[in-house]
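See structure below.
Protein chains in written order, with the numbering used here: chain A, -7 to 443; chain B, -14 to 160.
Written as structure tokens, this is what we have:
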């Protein structure tokens, strides 16, 4: 059983309320930081912890904080990214629903570290119930004197507001999120300037994921060095993994980074194996944008080492034979799933969600969707598969924001690892409409479901 | 597209305007445009959709151009630019939910309600559509119903039937 830092008290009745959260040791980090640490001390602890952004990019949080510009007389902002929209990812929803004060406490400590007196939590609009939960939590915290003017008599003032989005995946990109928070369309900005210099309202701003901000609480309570002891190499601490698709026990799990992928899939402590006695076909380990892996590259890397749930091990082999930790959106495919259909589905998603600023993404995602639709529906040709490869290559790296890459990578990986399945659709147009291709011939060895 | 034909004149109530004011107070001076998305949610919750007139009045309230409201309302998928059924069933249609049967659920809803995606039932009670990932992939298939965005998880054809019956009864009682 691994250590739980974020979800330790998740099963405590009433943990959603301020009183129970406080009884369980909540808001100790606020007291410690505000009363006995300088803002720079807090930044230093987060740096020592090795915490990497939990939204998907994995950039070191402490380093991001240290880039924040601090011109005289200009307000600074902390904006929490709760736009969770990456298909496969539902960890932030879970955290905000069940233990909202973990986020509020993290917001207070982080805002203090950055010198922000007004902070916003941007939550996707569909999570209206979670927005209400957070607003209630903020009101409770304020009533207890841990938020608002002169917190704990330290002279530090902070207000936190919750902002709803309008239903747009692109607003998970930090500059699009800032545009949206300013009441505009979610069109990503050209960088530089980075938000650390010119973010919200042109002021220095840090944008951090919900889970990253909540993770600051145990880092301050136990110290950055203690946090860094958990995990392996540069993958420190714990991570929330949201497991879905064809697993026996879908849900949100807090893991110590370093758990073997095979254990995560098959152990009863986590996913409990593949649902309905089926066999594993493929895995999308970190949200729909990361490269899909066929069964033979999931438990072991290409060199035969056990594949671990760490940033490094998941990425082992690069995009040829590896993938990414991403957001922790863990999507498991059983033998009955069609890779072509899923790739078409994901591509339709990216086409729908492209903001339209950059031609390669706006046009390319639509072309890929159409070509994939053709192949999936038995109307494709072998040349179409090469065309897909060509389009995705021309999107990648040629757009303002990473949505283009996020759309290109799943298509590239699907063709790289499952080209035979694409060809089968082309060569057997009628058969492909009545049955699935099943397991790829090389997707072996496959671990049988534990009896 | 903005609907000119179906425009609906509105007059914001004092209670609604008070809520607008609370939202505007969250932002620094002269940044009241930040209130646009939350205010549009409130307007939609009140009227069921965003008529051109309602958007024009929001623009006037926030001291911004009408086009600034239109460009936001047309960008974000949660805003309805034409009237919908009283209950809009929004079913997740993205990959992870499809792995656990979302497509069958959408087909079932279409059959059960007898209307295609985006259409409204003759009694005005229901419409439905597929939406992109709702960040609930472990509980799929899922659907949500605004304006409170209540979630219905692990859907089966049976649970969808029950939900539709419940909503129909609820509407009858309210009538």
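Ideal placement from N, C-alpha and C gives every residue a C-beta, glycine not left out.
(request) Mind listing the chain B neighbours of residue 160 of chain A? Cutoff is C-beta to C-beta under 9 Å, in chain order. (result) Here the neighbours are 60, 61, 62 and 63.
(message) Looking at chain A, is there any beta carbon in it that lies within less than 8 Å of the beta carbon of residue 119 of chain B?
(response) yes
(message) Does the contact criterion of 3 or more C-beta pairs under 8 Å hold for the stretch 103 to 123 of chain B versus the stretch 133 to 153 of chain B?
(response) yes
(message) Please report the distance separating the alpha-carbon of residue 87 of chain B from that of residue 152 of chain A.
(response) 37 Å
(request) Indicate whether residue 323 of chain A and residue 126 of chain B have their beta-carbon atoms separated by less than 8 Å. (result) no
(request) State whether the stretch 62 to 76 of chain A contacts the stretch 236 to 247 of chain A, with contact taken as three or more CB pairs (one from each stretch) at a distance under 8 Å. (result) no
(request) On the DSSP bridge assignment, give the partners of residue 483 of chain A in chain order. (result) Look at the range of chain A in this structure, -7 to 443, and you will see that residue 483 of chain A is not part of it.
(message) Between residue 236 of chain A and chain B, is the shortest Cβ-Cβ distance under 8 Å, so that the two count as touching?
(response) yes
(request) Please state whether DSSP places residue 346 of chain A in a helix, a strand or coil. (result) coil
(message) Quick check on the burial criterion: 16 or more other C-beta atoms within 10 angstroms. Buried or exposed for residue 417 of chain A?
(response) buried
(message) Assuming contact is defined by CB atoms lying nearer than 8 Å, are residue 57 of chain B and residue 21 of chain B in contact in what I supplied?
(response) yes
(request) Name the one or two DSSP bridge partners that residue 447 of chain A has. (result) Absent from the structure is residue 447 of chain A, since the part of chain A shown begins at -7 and ends at 443.
(message) Let's test the definition: count the other Cβ atoms within 10 Å of the Cβ of residue 52 of chain B and tell me whether it reaches 16, buried, or not, exposed.
(response) exposed
(message) What does the Cβ neighbour count give for residue 305 of chain A, buried or exposed, with the cut at 16 atoms within 10 Å?
(response) Per the 10 Å Cβ criterion, buried.
(request) Give me whichever residues DSSP pairs with residue 113 of chain B in a beta bridge. (result) Beta-bridge partners of residue 113 of chain B (DSSP): B:74.
(message) Against residue 123 of chain B, what residues of chain A qualify as contacts under a CB-to-CB distance less than 8 Å, listed in chain order?
(response) In chain order: 82, 234, 235, 236, 242, 243 and 244.
(request) Express the C-alpha separation of residue 10 of chain A and residue 132 of chain A in angstroms, rounding to a whole number. (result) 6 Å
(message) If contacts are defined as beta-carbon pairs under 8 Å, then residue 147 of chain A and residue 19 of chain B qualify, I think. What distance do you get, rounded to the angstrom?
(response) Going by Cβ atoms, the distance from residue 147 of chain A to residue 19 of chain B rounds to 27 Å, so no, they are not a contact pair.
(request) Quick one: residues in its chain with C-beta nearer than 6 Å to the C-beta of residue 354 of chain A, no 5 flanking neighbours on either side, listed in chain order? (result) Hits under 6 Å: 346 and 348.
(request) List the endpoints of the continuous beta strand (DSSP E) containing residue 135 of chain B. (result) 135 to 137
(message) Nearer than 7 Å: is that true of the beta carbon of residue 181 of chain A relative to any heavy atom of the ligand MG?
(response) Ligands in the displayed structure: none, and consequently the ligand MG is not present.
(message) Which residue wins for smallest C-alpha separation from residue 22 of chain A, given the options A:279, A:293 and A:144?
(response) It is A:144.
(request) Could you spell out where the beta strand (DSSP E) holding residue 246 of chain A opens and where it closes? (result) 243 to 248
(message) Counting only Cβ pairs nearer than 8 Å, list the residues of chain B close to residue 100 of chain A.
(response) Neighbours of residue 100 of chain A on chain B: none; closest Cβ ~17 Å, over 8 Å.
(request) For the beta strand (DSSP E) holding residue 232 of chain A, just list the boundary residues, first then last. (result) 230 to 237
(request) Check the Cβ-Cβ distances between residue 45 of chain B and every residue of chain A, and say whether any is below 8 Å. (result) no
(request) Give me whichever residues DSSP pairs with residue 168 of chain A in a beta bridge. (result) Answer is none; residue 168 of chain A lacks a bridge partner.
(request) List the residues of chain A whose Cβ lies closer than 8 Å to the Cβ of residue 129 of chain B, in chain order. (result) 118
(request) Note down, in chain order, every chain A residue with its Cβ under 9 Å from the Cβ of residue 56 of chain B. (result) 176 and 177
(request) For residue 32 of chain A, count neighbouring Cβ atoms within 10 angstroms of its own Cβ and tell me buried if that reaches 16, exposed if not. (result) exposed
(request) Have a look at A:384, A:200, A:363 and A:386 and flag the residue whose alpha-carbon is nearest the alpha-carbon of residue 375 of chain A. (result) A:363
(message) In this structure, how does DSSP classify residue 334 of chain A when only helix, strand and coil are distinguished?
(response) helix
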